[in-house]
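If you read the protein sequences in the order shown, they are chains A and B. When you number the first sequence by numbering that gives the first Met the number 0, it's gap-free, plus one each residue, and the end is 285. When you number the second sequence by numbering that gives the first Met the number 0, it's gap-free, plus one each residue, and the end is 239.
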Amino acid sequence: MAQLLVNGLVTGLIVALPALALSLTFGILRFPNFAIGAMLTAAAYLAWVLNFYGGVPLVAAALFTVVLFPLVALACDAAVFRPLRDRGPITLLVASMGLSFVLENLCRLMFGNEARNFDMALTRPYRVMGVRINFEQILTAGVSIGAMVLVYVILIHSPLGRAMRAMSDNPTLAAARGIEATRVVSLTWLLAGALTAAAGILIGLDRAIDPQLGWNYIIVCFAAAVVGGLGSPVGAVVGAIGLGVIGELATLVVDPNYRAGVAFAAIALVLLFRPNGLFGRLEIRK
Amino acid sequence: MSAIPISVENLRAGYGGDDILNGITFDVRPGEVFTIIGPNGSGKSSLIKVLAGIVPVREGRISLFGRDVTHLKTAQRIAAGLAYVPQEFNVFRNMTVGENLRLATEFIGLRGGVAQSERDRVLGMFPDVAGRLGVQAGTLSGGQRQMLAFACALISAPDVLLLDEPSAGLSPRLAGEIFEAVQTVNAQGTTVILVEQNVAAALPVSDRVLVLVNGAVRRLAPATDLKARDDLAQLFLGEA
Ligand SMILES: Nc1ncnc2c1ncn2[C@@H]1O[C@H](COP(=O)(O)OP(=O)(O)OP(=O)(O)O)[C@@H](O)[C@H]1O
Ligand SMILES: [Mg+2]
């Protein structure tokens, strides 16, 4: 039981990062970025290339990636989303699907289909009161919690974070007050890119890196963001951790193959009673 | 620099295929309260939004103190001395009152002590708001919300203030407080352009009144002239 709880928490903490990224971009840009999965993949490959070809130690490669990948996200925005900004959410969603396809196949083209691994030493798991915890899990939890605290501080205590929340709250009013939308959008992509990069690397530590890496996370990422309330950063984090824990604990009563089913049943239940998600709010429509 | 705060020449604007405003021309005089009235859907909000730079101009010219601002963005017009309070959804509901005010200072680039003293100055005018800094703006009453929106607009110490139906949905007492605040700000030298449905309450604080019907100027007259008339309804319907 405690073991499942720990495993579920760590799984949830990994998913929390891209779910948070998804929620941030949705709040500002008003479309669900389907390319979040492919971005995880691309970030994992970027770190792997630095680590494997560049011979950069893994920690440094990871740090480089967290700095570099946000620029990739910004470039994706400039090339794909910015020209379509005023075209409505469906167009942008479809564009993000296209971007997803391009990113994934670029990775496939350059590095092939075979599974890659970071160059790192295997470590023995620790035992804490009968619960097995390995080093990667501790690292994952630490990085994820650290990143979330950082995002929280930015959102609540910095002028740009406040501007982001204002734009997510009421874009029309933000425009009427003369907010510089372009700057806020760029900052959002940088933040989302950094979160995605961190998550991509953590996933790469946990399992092999292949062009499909991100696919396994798209659904659960969207599920977490939706159950938390699309556009609510806190909701995305709570949704991700909740889904992770419920999914693991479910294996106590059902076959592990069905754990996703239990998690999704939980979502359906939440949405039944709170159609806007746990932390969702009523959108302003005119 | 010309002394005319706002000058509108032959303005045409609209949404999609339709023009909502057709050839509007007027000057606003320095230091006056210039009130725009007209039936629902006549284009009052649209006109204010064009002045604020939210809705683009299709034809004609807008100048702010003699400077052509027709194609300037909202932020640039704010920098040039304009402020705008929208008719509805005019506060950030999911943020606290304090955060709304902070944003107002940050949007115009004020930081630190200057920003704080600017917020204190404005809050001095709205004690009702000042006591609720930690409250979510979405949970404020209609009157408090209107005061907060007003306060945020005053942060930039605007030379020209655009107010779109600030008294809508308020009790007569609260509406009175709003109009009082309008007068206070106006007495401090700010030119006010006020859109109002509540004609009876607006006339006493107004200097001149523009009657907008179907996106065109039906009449522009001193408020005292309109006060004397009891045929406002006819004016609206287009028979006067
Ligand atoms: N964003 C928009 N897109 C399309 N049409 C619009 C838009 N905003 C307003 N309109 C139309 O423009 C016309 C004028 O609207 P506007 O809001 O300017 O009128 P108003 O005089 O402010 O009305 P009210 O007294 O109800 O506030 C209306 O027919 C309205 O339907
Ligand atoms: Mg209106």
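Glycine is no exception: its CB is placed at the ideal position from the N, C-alpha and C atoms.
Does the distance between the C-beta of Lys206(B) and the nearest non-hydrogen atom of ligand 2 fall short of 7 Å?
Looking up residue 206(B) in the second sequence gives position 207. The question names Lys, but residue 206(B) is Asp in the sequence shown. No, the Cβ of Asp206(B) stays beyond 7 Å of every heavy atom of ligand 2.
Chain-ordered residues, beta carbon under 7 Å from a heavy atom of ligand 2:
Lys43(B), Ser44(B), Gln86(B), Asp163(B), Glu164(B), Val194(B)
Comparing alpha-carbon positions, which option in Thr181(A), Asp168(A), Pro82(A) lies nearest Pro232(A)?
On the first sequence, residue 232(A) is found 233 positions in, with the first residue counted as 1. Per the Cα distances, Asp168(A).
Sequence-distant residues of its chain with Cβ nearer than 6 Å to Thr10(A) (five each side left out)
For this step, residue 10(A) is matched to residue 11 along the first sequence. These residues qualify, in order along the chain: Gly243.
Taking DSSP as the reference, what is the three-state secondary structure of Gly87(A)?
Counting from 1 along the first sequence, the entry for residue 87(A) is found at position 88. Residue state, collapsed to three classes: coil.
Note down, in chain order, all residues in the stretch 161-193 of chain A with a beta-carbon under 9 Å from any beta-carbon belonging to chain B.
Across the stretch 161-193 of chain A, CB contacts with chain B closer than 9 Å involve Arg161, Ala162, Arg164, Ala165, Ser167, Asp168, Asn169, Thr171, Leu172, Ala173, Ala174, Ala175, Arg176, Gly177, Ile178, Glu179, in sequence order along the chain.
Boundaries (first-last residue) of the beta strand (DSSP E) holding Gln161(B):
Residue 161(B) sits at position 162 when you count from the first residue of the second sequence. It should be pointed out that residue 161(B) corresponds to Leu in this sequence rather than to Gln. Per DSSP, the unbroken beta strand (DSSP E) holding Leu161(B) starts and ends at 159-163.
Using 8 Å as the limit for Cβ to Cβ distance, is Ile3(B) near chain A?
Along the second sequence, one-based indexing puts residue 3(B) at 4. It does not: the Cβ of Ile3(B) has no partner Cβ on chain A nearer than 8 Å.
Step through the CB atoms of chain B and report whether any lies within less than 8 Å of the CB of Pro158(A).
Reading the first sequence from its first residue, position 159 is the one you call residue 158(A). The beta carbon of Pro158(A) sits closer than 8 Å to some beta carbon of chain B.
Per DSSP, cross-strand counterpart(s) of Ile61(B)
As a first step, residue 61(B) is located in the second sequence; it is residue number 62 there, counting from the start. Bridge partners of Ile61(B) according to DSSP: Val7(B).
Select from the stretch 74-88 of chain B all residues with a C-beta closer than 7 Å to any C-beta belonging to chain A, and list them in chain order.
Ala74, Ile77, Tyr83, Pro85, Phe88
Classification of Pro17(A) by the beta-carbon crowding that lies within 10 angstroms, buried from 16 upward
Within the first sequence, numbered from 1, the residue matching residue 17(A) stands at position 18. Result: buried.
Residue environment, Glu113(A), which counts as buried when at least 16 other CB atoms sit within 10 Å
Within the first sequence, numbered from 1, the residue matching residue 113(A) stands at position 114. So Glu113(A) ends up on the exposed side.
Provide the residue span of the beta strand (DSSP E) that contains Val58(A), from first to last.
Here residue 58(A) refers to the residue found at position 59 when the first sequence is read from its first residue. Taken as a continuous stretch (DSSP letters only), Val58(A) belongs to no beta strand (DSSP E), being part of the alpha helix (DSSP H) at 57-75.
Range covered by the beta strand (DSSP E) that runs through Gly22(B):
As a working mapping, residue 22(B) is identified with position 23 in the second sequence. Segment 17-27, the beta strand (DSSP E) holding Gly22(B).
Put Tyr52(A) into one of helix, strand or coil per three-state DSSP.
In the first sequence, counting from the first residue as 1, residue 52(A) sits at position 53. Coil.
Could you check what DSSP says for Ala259(A) in three-state terms: helix, strand or coil?
For the purposes of this step, residue 259(A) is taken as the residue at position 260 of the first sequence. Helix, per DSSP.
Asn39(B) Cβ short of 7 Å to ligand 1 heavy atom set
Counting from 1 along the second sequence, the entry for residue 39(B) is found at position 40. Yes - ligand 1 has a heavy atom lying nearer than 7 Å to the Cβ of Asn39(B).
In the structure shown, what three-state DSSP assignment does Pro170(A) receive?
The residue you call residue 170(A) lines up with position 171 of the first sequence. Pro170(A) falls in the helix class under three-state DSSP.
So which residues of chain A does Asn243(B) contact, with C-beta pairs closer than 8 Å?
Outside the shown range of chain B (0 to 239) lies residue 243(B), about which nothing can therefore be said.
Are there any heavy atoms of ligand 1 lying less than 7 Å away from the beta-carbon of Gly15(B), as far as the coordinates show?
By one-based count along the second sequence, residue 15(B) stands at place 16. Indeed, a heavy atom of ligand 1 lies less than 7 Å from the Cβ.
Backbone CA spacing between Thr138(B) and Ile13(A) [nearest angstrom]
Within the second sequence, residue 138(B) is the residue found at index 139, counting from 1. Within the first sequence, residue 13(A) is the residue found at index 14, counting from 1. Thr138(B) and Ile13(A) have their C-alpha atoms roughly 35 Å apart.
Gln75(B) beta carbon near ligand 1 (any heavy atom closer than 7 Å):
The count along the second sequence starts at 1 and reaches residue 75(B) at position 76. Result no, Cβ not under 7 Å from ligand 1.
Report yes if the C-beta distance between Thr139(A) and Leu39(A) is below 8 Å; otherwise report no.
Indexing the first sequence from 1 puts residue 139(A) at position 140. Indexing the first sequence from 1 puts residue 39(A) at position 40. Going by C-beta atoms, Thr139(A) is not nearer than 8 Å to Leu39(A).
Going straight from the alpha carbon of Leu67(A) to that of Leu102(A), what length do you get?
On the first sequence, residue 67(A) is found 68 positions in, with the first residue counted as 1. On the first sequence, residue 102(A) is found 103 positions in, with the first residue counted as 1. The alpha-carbon atoms of Leu67(A) and Leu102(A) are separated by roughly 16 Å.
Check the DSSP bridge columns for Val223(B) and list the partner residues they point to.
To locate residue 223(B), count along the second sequence from 1; it is residue 224. As written in the sequence, residue 223(B) is Thr, which differs from the Val given in the question. DSSP, once it has assigned bridges, lists no residue as partnering Thr223(B).
Go ahead and pull the three-state DSSP assignment for Gly13(B).
Position 14 of the second sequence, counted from the first residue, corresponds to residue 13(B). Three-state result, Gly13(B): strand.
Given Leu229(A), which residues of its chain have a CB within under 6 Å of its CB, disregarding the five upstream and five downstream residues?
On the first sequence, residue 229(A) is found 230 positions in, with the first residue counted as 1. Phe25, listed in sequence order.
Mind checking which residues open and close the beta strand (DSSP E) that includes Phe149(B)?
For the purposes of this step, residue 149(B) is taken as the residue at position 150 of the second sequence. Unbroken run through Phe149(B) is the alpha helix (DSSP H), 141-153; no beta strand (DSSP E).
Use the C-beta contact count for Arg123(A): other C-beta atoms within 10 angstroms, 16 or more gives buried, fewer gives exposed.
Working through the first sequence from its first residue, we reach residue 123(A) at position 124. Exposed, by the Cβ-count rule.
Cβ-heavy atom distance between Gln135(B) and ligand 1 below 7 Å?
Looking up residue 135(B) in the second sequence gives position 136. Flag unset: Cβ of Gln135(B) not near ligand 1.
State the DSSP-derived secondary structure class of Leu186(A), mapped to helix, strand or coil.
Position 187 of the first sequence, counted from the start, is the residue given in the question as residue 186(A). Helix.
At 8 Å on the CB atoms, spell out the chain A contacts of Leu102(B), in chain order.
Counting from 1 along the second sequence, the entry for residue 102(B) is found at position 103. Within chain A, the residues near Leu102(B) are Arg161, Ala162, Ala165, Arg176.
Can you confirm whether the stretch 19-26 of chain B touches the stretch 214-224 of chain B when touching is taken to mean that 3 or more C-beta pairs between the two stretches lie within less than 8 Å?
yes
What's the C-alpha gap between Ala186(B) and Asp119(B)?
As a first step, residue 186(B) must be located in the second sequence, where it is residue number 187. As a first step, residue 119(B) must be located in the second sequence, where it is residue number 120. Going by the C-alpha atoms only, they are around 19 Å apart.
I'd like to confirm something about Gln196(B): is its beta-carbon nearer than 7 Å to some heavy atom of ligand 1, or not?
Position 197 of the second sequence, counting from 1, holds the residue named residue 196(B). It does: the Cβ of Gln196(B) is within 7 Å (strictly closer) of some heavy atom of ligand 1.
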